[in-house]
Amino acid sequence: MLVLTRKKGESLLIGEGVEITIVDISEGKVRIAIDAPKEVQIIRSEVKKGVEDENKSATRGAAIDQLKKLKKTSKK
Amino acid sequence: MKLNTTNFGEINIDESALINFEEGIPGFENVRRFALLQDDEMIVDWLQGIDEDIAFPVINPFAVKEDYEFKIPDADIKKLNIENQEDLLIYSIVVIPDDIKQIRTNLQAPIIINAKIKLGKQIILDDRYPLRYEFYEKVGV
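Chains E and F, in that order, give the protein sequences.
One point on numbering: in the working numbering, the residue at position 46 of the first sequence is 48, and numbering is uninterrupted.
One point on numbering: in the working numbering, the residue at position 35 of the second sequence is 125, and numbering is uninterrupted.
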């Protein structure tokens, strides 16, 4: 993994179209501005991790018999 | 083709109806092909993995959250080759905990299927909608 040091106001480029600028640093937090083509999706890592964990929970289908008792009114 | 599944025993799958998830599903990146099993006995349908025996219960999110709406990111419109909204099937993944009253679905990351070309993706939205949306009151008896 590449580790770089940047100061406030400095930036770096990733590939052809992504530029990341350090906007502000204070109290242990860094504000980052990201300039990227709109087809590049930017997601905070913990959001992705949350989705992964929730998907794992979904495959552990417990209580299937109870599921059968639920109303079907909600189906499309 | 015949498929042995934990949840449904041996089932017959129409190979031409399989849905391709080119990036897998977050947490299950190696599972690329899924069969959509419509289930008349339950409030959910199932996305049954072909490459691995996993099954995701899925529901129509608009049925449990009437004012649910989102814009599909441009990147995903491109990846899924979306031309018409009518071609789309929208689902959200359901978690069925031991206490059924806590049944929940992930409105932050809906599953979009372009049914016309059998291509699917779980897209991740911003955090306007919850990762864990409980909906027992909509379906409980």
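Built from N, CA and C at the ideal position, the CB exists for glycine as well.
8 Å Cβ cutoff, F/VAL185 in contact with chain E: Walking along the second sequence from the start, residue 185 of chain F turns up at place 95. So, interface residue.
If you follow the alpha helix (DSSP H) that F/GLU173 is in, where does it begin and where does it stop? Numbered from its first residue, the second sequence carries residue 173 of chain F at position 83. Neither: F/GLU173 is in no alpha helix (DSSP H) and is coded neither H nor E.
Using C-beta distances below 6 Å, list every residue in its chain close to F/LEU179, excluding the 5 sequence neighbours before and after it, in chain order. Counting from 1 along the second sequence, the entry for residue 179 of chain F is found at position 89. So the list reads ILE203 and ALA205, once near-sequence residues are dropped.
Tell me the DSSP bridge mates of E/ASP26? Position 24 of the first sequence, counted from the first residue, corresponds to residue 26 of chain E. Per DSSP, E/ARG33.
Members of the region 190-205 of chain F that neighbour chain E once the beta carbon cut-off is set at 8 Å: ILE190, ILE193, ASN196, GLN198 and ALA199
Partner residues on chain E for F/LYS168, Cβ-Cβ distance less than 9 Å: As a working mapping, residue 168 of chain F is identified with position 78 in the second sequence. Simply GLU41.
Simplified DSSP assignment, three categories, for E/LYS58: Residue mapping note: residue 58 of chain E aligns to position 56 of the first sequence, counting from 1. Helix.
At a Cβ threshold of 8 Å, is E/SER47 touching chain F? By 1-based counting over the first sequence, the position of residue 47 of chain E is 45. No, E/SER47 does not count as interfacial toward chain F.
Counting only beta-carbon atoms, is E/ALA60 nearer than 8 Å to chain F? Position 58 of the first sequence, counted from the first residue, corresponds to residue 60 of chain E. Output row for E/ALA60: interface = yes.
Sorted by chain position, which residues of the same chain lie with C-beta nearer than 6 Å to E/VAL25's C-beta, five sequence neighbours on each side aside? As a position in the first sequence, residue 25 of chain E is number 23, starting the count at 1. Correct list, in chain order: ARG33 and ALA35.
Start and end of the beta strand (DSSP E) containing F/TYR181? Taking the first residue of the second sequence as position 1, residue 181 of chain F is located at position 91. 178-185 is the span of the beta strand (DSSP E), which, as asked, contains F/TYR181.
If I measure Cβ to Cβ from F/PHE152 and keep anything under 6 Å in the same chain, skipping five residues before and after, which residues do I get? Residue mapping note: residue 152 of chain F aligns to position 62 of the second sequence, counting from 1. Excluding sequence neighbours, F/PHE152 sits near TYR158.
Spatial neighbours of F/GLU142 in its chain, beta-carbon cut-off 8 Å, leaving aside the 5 residues before and after: Numbered from its first residue, the second sequence carries residue 142 of chain F at position 52. PHE118, ASN120 and VAL121, listed in sequence order.
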